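Residue numbers (my numbering): 58 to 426.
Where a beta carbon is used, it is the ideal one built from N, C-alpha and C, also for glycine.
Values in this document were obtained by computation on a predicted structure and should not be read as measured data.
Let me begin by presenting the structure, written as C-alpha coordinates, before commenting on it.
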(Lines of atoms letter the chains of each structure in order from A and count residues from 1; the text may use other names and numbers.)
(Lines give C-alpha, C1' and ligand atoms only; values in the text may rest on other atoms or scores of the structure.)
Protein backbone atom coordinates (compact mmCIF):
# COMPACT_ATOMS: atom_id res chain seq x y z
CA UNK A 1 0.00 0.00 0.00
CA UNK A 2 1.43 3.37 -1.03
CA UNK A 3 1.28 6.33 1.34
CA UNK A 4 1.28 9.89 0.01
CA UNK A 5 2.12 13.18 1.68
CA UNK A 6 -0.31 15.97 0.82
CA UNK A 7 0.24 19.67 1.45
CA UNK A 8 -3.24 21.00 2.28
CA UNK A 9 -3.79 24.78 2.09
CA UNK A 10 -7.22 25.93 3.36
CA UNK A 11 -6.91 29.38 1.80
CA UNK A 12 -9.44 32.17 2.34
CA UNK A 13 -13.16 32.84 2.50
CA UNK A 14 -15.06 29.60 1.92
CA UNK A 15 -11.80 27.76 1.33
CA UNK A 16 -11.41 26.31 4.85
CA UNK A 17 -15.02 25.04 4.89
CA UNK A 18 -14.68 23.39 1.49
CA UNK A 19 -11.34 21.85 2.46
CA UNK A 20 -12.79 20.45 5.70
CA UNK A 21 -15.67 18.96 3.71
CA UNK A 22 -13.17 17.39 1.31
CA UNK A 23 -11.03 15.98 4.10
CA UNK A 24 -14.16 14.34 5.52
CA UNK A 25 -14.65 12.55 2.19
CA UNK A 26 -10.97 11.61 2.02
CA UNK A 27 -11.15 10.22 5.55
CA UNK A 28 -14.03 8.01 4.44
CA UNK A 29 -12.05 6.81 1.42
CA UNK A 30 -9.05 5.96 3.59
CA UNK A 31 -11.14 4.09 6.14
CA UNK A 32 -12.75 1.88 3.48
CA UNK A 33 -10.16 1.58 0.72
CA UNK A 34 -6.48 0.81 0.38
CA UNK A 35 -5.05 4.29 0.02
CA UNK A 36 -3.26 6.29 2.70
CA UNK A 37 -2.73 10.05 2.81
CA UNK A 38 -0.67 12.04 5.29
CA UNK A 39 -1.93 15.62 5.29
CA UNK A 40 0.13 18.59 6.44
CA UNK A 41 -1.96 21.75 6.77
CA UNK A 42 -0.35 25.09 5.90
CA UNK A 43 -1.61 28.65 6.22
CA UNK A 44 -1.15 30.86 3.16
CA UNK A 45 -3.15 33.33 1.11
CA UNK A 46 -4.74 36.74 1.54
CA UNK A 47 -5.66 36.41 5.22
CA UNK A 48 -2.10 35.31 5.98
CA UNK A 49 -0.87 38.35 4.05
CA UNK A 50 -3.16 40.61 6.10
CA UNK A 51 -1.74 39.28 9.34
CA UNK A 52 1.91 38.71 8.44
CA UNK A 53 2.65 40.67 5.26
CA UNK A 54 3.39 37.60 3.14
CA UNK A 55 0.96 35.40 1.19
CA UNK A 56 3.24 32.42 0.52
CA UNK A 57 5.76 31.88 3.33
CA UNK A 58 9.00 30.09 2.50
CA UNK A 59 8.21 27.15 4.78
CA UNK A 60 4.87 26.65 3.03
CA UNK A 61 6.55 26.67 -0.38
CA UNK A 62 9.09 24.12 0.89
CA UNK A 63 6.25 21.98 2.19
CA UNK A 64 4.58 22.08 -1.22
CA UNK A 65 7.84 21.14 -2.94
CA UNK A 66 8.41 18.24 -0.56
CA UNK A 67 4.86 16.86 -0.77
CA UNK A 68 3.62 14.25 -3.23
CA UNK A 69 0.79 16.62 -4.19
CA UNK A 70 -0.76 19.93 -3.15
CA UNK A 71 -4.47 20.34 -2.35
CA UNK A 72 -5.32 24.04 -2.34
CA UNK A 73 -8.71 25.47 -1.45
CA UNK A 74 -9.97 28.82 -2.75
CA UNK A 75 -7.69 31.77 -2.01
CA UNK A 76 -7.82 35.55 -2.29
CA UNK A 77 -9.81 38.37 -0.68
CA UNK A 78 -10.76 41.45 -2.71
CA UNK A 79 -10.09 43.85 0.16
CA UNK A 80 -6.57 42.52 0.85
CA UNK A 81 -4.20 44.23 -1.55
CA UNK A 82 -0.54 45.05 -1.95
CA UNK A 83 0.69 48.68 -1.79
CA UNK A 84 0.33 48.98 -5.59
CA UNK A 85 -3.39 48.17 -5.32
CA UNK A 86 -3.29 44.65 -6.81
CA UNK A 87 -4.61 41.54 -5.08
CA UNK A 88 -2.15 39.11 -3.54
CA UNK A 89 -3.78 35.97 -4.96
CA UNK A 90 -2.30 36.18 -8.50
CA UNK A 91 1.23 36.65 -7.16
CA UNK A 92 0.86 33.66 -4.86
CA UNK A 93 -0.50 31.43 -7.61
CA UNK A 94 2.15 32.46 -10.11
CA UNK A 95 4.80 31.85 -7.46
CA UNK A 96 3.50 28.34 -6.83
CA UNK A 97 3.18 27.55 -10.53
CA UNK A 98 6.69 28.67 -11.35
CA UNK A 99 8.31 27.04 -8.32
CA UNK A 100 6.56 23.72 -8.93
CA UNK A 101 6.87 23.88 -12.73
CA UNK A 102 3.12 23.45 -13.28
CA UNK A 103 2.93 23.81 -17.05
CA UNK A 104 -0.51 22.25 -17.72
CA UNK A 105 -3.76 23.56 -16.22
CA UNK A 106 -6.51 20.95 -16.55
CA UNK A 107 -10.16 22.07 -16.31
CA UNK A 108 -12.75 19.31 -16.78
CA UNK A 109 -16.12 20.44 -18.14
CA UNK A 110 -18.54 17.59 -17.36
CA UNK A 111 -22.31 17.55 -17.11
CA UNK A 112 -23.34 15.10 -14.40
CA UNK A 113 -26.73 13.34 -14.27
CA UNK A 114 -29.06 15.32 -12.05
CA UNK A 115 -27.54 18.68 -13.00
CA UNK A 116 -29.42 20.86 -15.47
CA UNK A 117 -27.46 22.63 -18.18
CA UNK A 118 -28.76 25.99 -19.47
CA UNK A 119 -28.18 24.65 -22.98
CA UNK A 120 -30.85 23.04 -25.13
CA UNK A 121 -27.94 21.49 -27.09
CA UNK A 122 -26.69 19.35 -24.19
CA UNK A 123 -28.90 16.30 -24.69
CA UNK A 124 -25.99 14.16 -25.96
CA UNK A 125 -23.90 15.07 -22.92
CA UNK A 126 -20.95 17.34 -22.15
CA UNK A 127 -17.59 15.88 -21.20
CA UNK A 128 -14.59 17.87 -22.41
CA UNK A 129 -11.34 19.09 -20.88
CA UNK A 130 -9.94 22.57 -21.35
CA UNK A 131 -6.17 22.31 -21.14
CA UNK A 132 -4.22 25.56 -20.70
CA UNK A 133 -0.51 26.06 -21.11
CA UNK A 134 0.07 27.44 -17.63
CA UNK A 135 3.41 29.26 -17.57
CA UNK A 136 3.58 31.15 -20.87
CA UNK A 137 1.16 32.98 -23.14
CA UNK A 138 -0.09 36.35 -21.98
CA UNK A 139 0.38 35.34 -18.35
CA UNK A 140 4.14 35.34 -18.93
CA UNK A 141 3.90 39.12 -18.61
CA UNK A 142 2.73 38.87 -15.00
CA UNK A 143 4.92 41.16 -12.92
CA UNK A 144 6.35 42.70 -16.09
CA UNK A 145 4.71 44.68 -18.82
CA UNK A 146 5.24 48.37 -19.35
CA UNK A 147 3.32 51.53 -18.58
CA UNK A 148 4.63 54.79 -20.03
CA UNK A 149 3.70 58.22 -18.68
CA UNK A 150 0.17 57.16 -17.83
CA UNK A 151 -0.54 57.13 -21.57
CA UNK A 152 0.46 53.67 -22.80
CA UNK A 153 0.63 50.17 -21.38
CA UNK A 154 1.86 46.94 -22.95
CA UNK A 155 2.11 43.27 -22.07
CA UNK A 156 3.95 40.66 -24.11
CA UNK A 157 2.70 37.22 -25.08
CA UNK A 158 5.31 34.46 -24.96
CA UNK A 159 4.99 31.16 -26.87
CA UNK A 160 7.97 28.79 -26.90
CA UNK A 161 8.45 25.53 -28.73
CA UNK A 162 9.25 23.65 -25.52
CA UNK A 163 6.30 25.06 -23.58
CA UNK A 164 3.92 24.28 -26.42
CA UNK A 165 5.37 20.83 -27.04
CA UNK A 166 4.95 19.56 -23.53
CA UNK A 167 1.38 20.79 -23.05
CA UNK A 168 0.30 19.44 -26.45
CA UNK A 169 1.91 16.08 -25.74
CA UNK A 170 0.06 16.03 -22.42
CA UNK A 171 -3.18 16.75 -24.32
CA UNK A 172 -2.76 13.64 -26.46
CA UNK A 173 -1.83 11.55 -23.43
CA UNK A 174 -4.90 12.83 -21.60
CA UNK A 175 -7.21 12.08 -24.52
CA UNK A 176 -6.01 8.46 -24.58
CA UNK A 177 -7.06 8.07 -20.93
CA UNK A 178 -10.57 9.38 -21.55
CA UNK A 179 -13.69 7.95 -23.15
CA UNK A 180 -13.70 10.29 -26.14
CA UNK A 181 -16.23 12.94 -27.05
CA UNK A 182 -19.82 12.20 -25.96
CA UNK A 183 -21.31 12.35 -29.45
CA UNK A 184 -19.50 9.30 -30.86
CA UNK A 185 -16.68 8.24 -28.50
CA UNK A 186 -13.90 9.50 -30.79
CA UNK A 187 -10.73 10.62 -29.04
CA UNK A 188 -9.86 14.07 -30.29
CA UNK A 189 -7.46 16.89 -29.43
CA UNK A 190 -8.36 20.37 -30.67
CA UNK A 191 -5.93 23.28 -30.90
CA UNK A 192 -7.70 26.54 -29.99
CA UNK A 193 -5.88 29.67 -31.14
CA UNK A 194 -5.99 32.88 -33.16
CA UNK A 195 -3.51 31.75 -35.79
CA UNK A 196 -5.11 33.82 -38.56
CA UNK A 197 -4.01 37.07 -36.88
CA UNK A 198 -1.04 36.56 -34.56
CA UNK A 199 2.36 35.05 -35.30
CA UNK A 200 2.56 33.68 -31.78
CA UNK A 201 -0.60 31.62 -32.26
CA UNK A 202 0.41 30.55 -35.75
CA UNK A 203 3.58 29.18 -34.14
CA UNK A 204 1.53 27.47 -31.41
CA UNK A 205 -0.55 25.79 -34.13
CA UNK A 206 2.57 24.80 -36.10
CA UNK A 207 4.06 23.00 -33.10
CA UNK A 208 0.67 21.45 -32.34
CA UNK A 209 0.45 20.03 -35.85
CA UNK A 210 3.95 18.57 -35.68
CA UNK A 211 2.98 16.67 -32.54
CA UNK A 212 -0.41 15.67 -33.94
CA UNK A 213 1.36 14.14 -36.96
CA UNK A 214 3.22 11.68 -34.72
CA UNK A 215 0.08 10.80 -32.75
CA UNK A 216 -2.22 9.54 -35.53
CA UNK A 217 -4.22 7.28 -33.19
CA UNK A 218 -5.98 10.37 -31.80
CA UNK A 219 -7.96 12.67 -34.09
CA UNK A 220 -6.80 16.28 -34.22
CA UNK A 221 -8.08 19.59 -35.54
CA UNK A 222 -7.72 23.33 -34.96
CA UNK A 223 -10.37 25.99 -34.28
CA UNK A 224 -10.12 29.74 -33.79
CA UNK A 225 -10.96 30.80 -30.24
CA UNK A 226 -13.90 32.99 -31.22
CA UNK A 227 -15.44 30.10 -33.15
CA UNK A 228 -14.82 27.74 -30.25
CA UNK A 229 -16.74 30.02 -27.88
CA UNK A 230 -19.68 29.51 -30.26
CA UNK A 231 -19.20 25.76 -30.72
CA UNK A 232 -19.01 25.10 -26.98
CA UNK A 233 -22.57 26.39 -26.80
CA UNK A 234 -24.03 25.08 -30.06
CA UNK A 235 -22.36 21.64 -30.17
CA UNK A 236 -20.92 20.87 -26.72
CA UNK A 237 -20.93 17.09 -27.19
CA UNK A 238 -18.50 17.31 -30.14
CA UNK A 239 -15.37 18.04 -28.08
CA UNK A 240 -12.89 15.97 -26.11
CA UNK A 241 -9.62 17.76 -25.17
CA UNK A 242 -9.11 21.41 -26.10
CA UNK A 243 -5.53 22.69 -25.75
CA UNK A 244 -4.69 26.39 -25.85
CA UNK A 245 -2.69 29.36 -24.60
CA UNK A 246 -3.18 30.49 -21.01
CA UNK A 247 -5.45 33.53 -21.40
CA UNK A 248 -7.80 31.84 -23.84
CA UNK A 249 -8.05 28.87 -21.49
CA UNK A 250 -8.74 31.15 -18.54
CA UNK A 251 -11.78 32.56 -20.35
CA UNK A 252 -13.16 29.42 -21.99
CA UNK A 253 -12.89 27.34 -18.81
CA UNK A 254 -15.31 29.69 -17.03
CA UNK A 255 -17.66 29.49 -20.00
CA UNK A 256 -17.41 25.72 -19.76
CA UNK A 257 -18.30 25.78 -16.06
CA UNK A 258 -21.43 27.80 -16.82
CA UNK A 259 -22.58 25.07 -19.21
CA UNK A 260 -22.48 22.29 -16.59
CA UNK A 261 -23.86 23.81 -13.40
CA UNK A 262 -21.45 26.57 -12.45
CA UNK A 263 -18.06 26.97 -10.80
CA UNK A 264 -19.23 25.00 -7.77
CA UNK A 265 -18.83 21.91 -9.96
CA UNK A 266 -15.53 23.02 -11.48
CA UNK A 267 -12.45 21.15 -10.26
CA UNK A 268 -9.00 21.77 -11.66
CA UNK A 269 -5.46 20.42 -11.69
CA UNK A 270 -2.13 22.06 -12.45
CA UNK A 271 0.40 19.50 -13.60
CA UNK A 272 4.19 19.57 -13.90
CA UNK A 273 6.92 17.06 -14.56
CA UNK A 274 7.49 16.36 -10.85
CA UNK A 275 4.72 18.19 -8.99
CA UNK A 276 0.98 18.79 -9.18
CA UNK A 277 -1.52 21.07 -7.47
CA UNK A 278 -5.29 20.59 -7.24
CA UNK A 279 -7.87 23.24 -6.43
CA UNK A 280 -11.44 24.34 -7.17
CA UNK A 281 -11.79 26.76 -10.05
CA UNK A 282 -14.08 29.10 -8.09
CA UNK A 283 -13.06 32.03 -5.92
CA UNK A 284 -13.12 32.44 -2.16
CA UNK A 285 -16.63 34.05 -1.99
CA UNK A 286 -15.92 35.88 1.29
CA UNK A 287 -19.58 36.95 1.55
CA UNK A 288 -20.44 33.28 2.16
CA UNK A 289 -17.57 32.47 4.52
CA UNK A 290 -18.56 30.87 7.80
CA UNK A 291 -22.19 30.37 6.78
CA UNK A 292 -21.91 26.65 5.91
CA UNK A 293 -23.69 27.22 2.58
CA UNK A 294 -20.88 26.90 0.01
CA UNK A 295 -20.82 24.07 -2.53
CA UNK A 296 -17.80 21.85 -1.69
CA UNK A 297 -17.99 19.64 -4.78
CA UNK A 298 -15.36 21.49 -6.82
CA UNK A 299 -12.84 20.89 -4.03
CA UNK A 300 -13.98 17.29 -3.53
CA UNK A 301 -13.68 16.58 -7.26
CA UNK A 302 -10.26 18.26 -7.29
CA UNK A 303 -9.19 15.78 -4.60
CA UNK A 304 -10.44 12.97 -6.84
CA UNK A 305 -8.27 14.37 -9.65
CA UNK A 306 -5.35 14.38 -7.20
CA UNK A 307 -5.83 10.69 -6.42
CA UNK A 308 -6.10 9.87 -10.12
CA UNK A 309 -2.85 11.74 -10.83
CA UNK A 310 -1.08 9.97 -7.96
CA UNK A 311 -2.40 6.66 -9.27
CA UNK A 312 -1.03 7.21 -12.77
CA UNK A 313 2.25 8.68 -11.54
CA UNK A 314 2.95 5.80 -9.14
CA UNK A 315 1.16 3.02 -11.05
CA UNK A 316 -1.16 2.65 -8.06
CA UNK A 317 -4.50 1.06 -8.92
CA UNK A 318 -5.78 1.73 -5.40
CA UNK A 319 -5.38 5.48 -5.84
CA UNK A 320 -7.01 5.34 -9.29
CA UNK A 321 -9.89 3.37 -7.83
CA UNK A 322 -10.27 5.82 -4.96
CA UNK A 323 -10.55 8.67 -7.47
CA UNK A 324 -13.27 6.85 -9.41
CA UNK A 325 -15.08 6.00 -6.19
CA UNK A 326 -15.25 9.65 -5.12
CA UNK A 327 -16.52 10.76 -8.52
CA UNK A 328 -19.14 8.00 -8.55
CA UNK A 329 -20.28 9.07 -5.08
CA UNK A 330 -20.64 12.67 -6.27
CA UNK A 331 -22.60 11.45 -9.30
CA UNK A 332 -24.92 9.42 -7.06
CA UNK A 333 -25.71 12.39 -4.83
CA UNK A 334 -26.30 14.73 -7.76
CA UNK A 335 -28.48 12.23 -9.60
CA UNK A 336 -30.71 11.71 -6.56
CA UNK A 337 -31.29 15.50 -6.35
CA UNK A 338 -32.10 15.32 -2.62
CA UNK A 339 -29.02 17.13 -1.30
CA UNK A 340 -27.75 20.25 -3.03
CA UNK A 341 -26.54 23.68 -2.03
CA UNK A 342 -28.13 27.00 -2.98
CA UNK A 343 -26.08 27.44 -6.17
CA UNK A 344 -27.73 24.24 -7.46
CA UNK A 345 -31.21 25.28 -6.37
CA UNK A 346 -31.28 23.57 -2.97
CA UNK A 347 -31.07 24.46 0.71
CA UNK A 348 -28.47 21.94 1.92
CA UNK A 349 -25.38 23.02 3.83
CA UNK A 350 -21.74 22.46 2.98
CA UNK A 351 -21.62 19.85 5.72
CA UNK A 352 -24.78 18.13 4.41
CA UNK A 353 -23.24 17.82 0.95
CA UNK A 354 -19.98 16.40 2.31
CA UNK A 355 -21.82 13.89 4.49
CA UNK A 356 -23.97 12.79 1.56
CA UNK A 357 -20.94 12.20 -0.65
CA UNK A 358 -19.11 10.33 2.12
CA UNK A 359 -22.18 8.17 2.79
CA UNK A 360 -22.44 7.35 -0.94
CA UNK A 361 -18.98 5.78 -0.94
CA UNK A 362 -19.51 2.02 -1.04
CA UNK A 363 -17.92 -0.29 1.49
CA UNK A 364 -16.79 -2.61 -1.33
CA UNK A 365 -14.81 -1.19 -4.22
CA UNK A 366 -16.34 -1.52 -7.67
CA UNK A 367 -14.01 -2.94 -10.33
CA UNK A 368 -11.85 -0.50 -12.29
CA UNK A 369 -13.59 0.67 -15.45
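Give me the residue from 136, 90, 157 with the minimum Cα distance to residue 419. For the purposes of this step, residue 419 is identified with residue 362 of the chain shown, where counting begins at 1. Ranking the options by Cα distance to residue 419, first place goes to 90.
Where are the beta strand (DSSP E) runs, 3 residues long or more, that stay fully inside the segment 206 to 288, in chain order? If one requires a minimum length of 3 residues, the beta strand (DSSP E) runs lying completely within the segment 206 to 288 are 209 to 211, 245 to 250, 276 to 281, in chain order.
Residue 409, DSSP secondary structure in three states: Here residue 409 refers to the residue found at position 352 of the chain shown. When DSSP states are grouped into helix, strand and coil, residue 409 belongs to the helix group.
Going by CA-CA distance only, name the one from 305, 149, 313 that's closest to residue 296. Position 239 of the chain shown, counted from the first residue, corresponds to residue 296. Per the Cα distances, 313.
To the nearest angstrom, how far is it from the Cα of residue 82 to the Cα of residue 207? Here residue 82 is taken as the residue at index 25 of the chain shown, counted from 1. Here residue 207 is taken as the residue at index 150 of the chain shown, counted from 1. Taking the straight line joining both Cα atoms gives about 51 Å.
Residue nearest to residue 118 in terms of C-alpha spacing, selected from 108, 102, 306: Indexing the chain shown from 1 puts residue 118 at position 61. The option with the nearest alpha carbon to residue 118 is 102.
Extract the residue ranges of the beta strand (DSSP E) inside the segment 109 to 134, only unbroken runs of 3 or more that lie entirely within it. For the segment 109 to 134, whole beta strand (DSSP E) runs of length 3 or above, ordered along the chain, are 126 to 129.
From the DSSP output, which residues share a beta bridge with residue 63? The residue you call residue 63 lines up with position 6 of the chain shown. DSSP, once it has assigned bridges, lists 96, 126 as partnering residue 63.
Touch test, the segment 119 to 136 against the segment 64 to 74, Cβ-Cβ under 8 Å, three pairs minimum: The segment 119 to 136, when compared against the segment 64 to 74, does touch it at the 8 Å Cβ threshold.
Along the beta strand (DSSP E) that carries residue 325, what are the first and last residues, could you check? Position 268 of the chain shown holds residue 325. Residue 325 -> beta strand (DSSP E) spans 324 to 329.
Take the Cβ of residue 115 as the centre, count every other Cβ of all protein chains shown within 10 Å, and call the residue buried at 16 or more, exposed below. As a working note, residue 115 is residue 58 in the chain shown. So residue 115 counts as exposed.
Would residue 125 and residue 63 be called neighbours here (beta carbons separated by less than 8 Å)? Counting from 1 along the chain shown, the entry for residue 125 is found at position 68. Counting from 1 along the chain shown, the entry for residue 63 is found at position 6. It is a contact, given that the beta carbons lie within the stated cut-off.
Any idea if residue 262 is buried or exposed, counting beta-carbon neighbours within 10 angstroms, 16 or more meaning buried? Against the chain shown, residue 262 aligns to sequence position 205. Only buried fits residue 262, as 16 or more other CB atoms lie within 10 angstroms of its CB.
In angstroms, rounded to a whole number, what distance separates the CA positions of residue 315 and residue 344? Within the chain shown, numbered from 1, the residue matching residue 315 stands at position 258. Within the chain shown, numbered from 1, the residue matching residue 344 stands at position 287. Taking the straight line from one Cα to the other gives about 21 Å.
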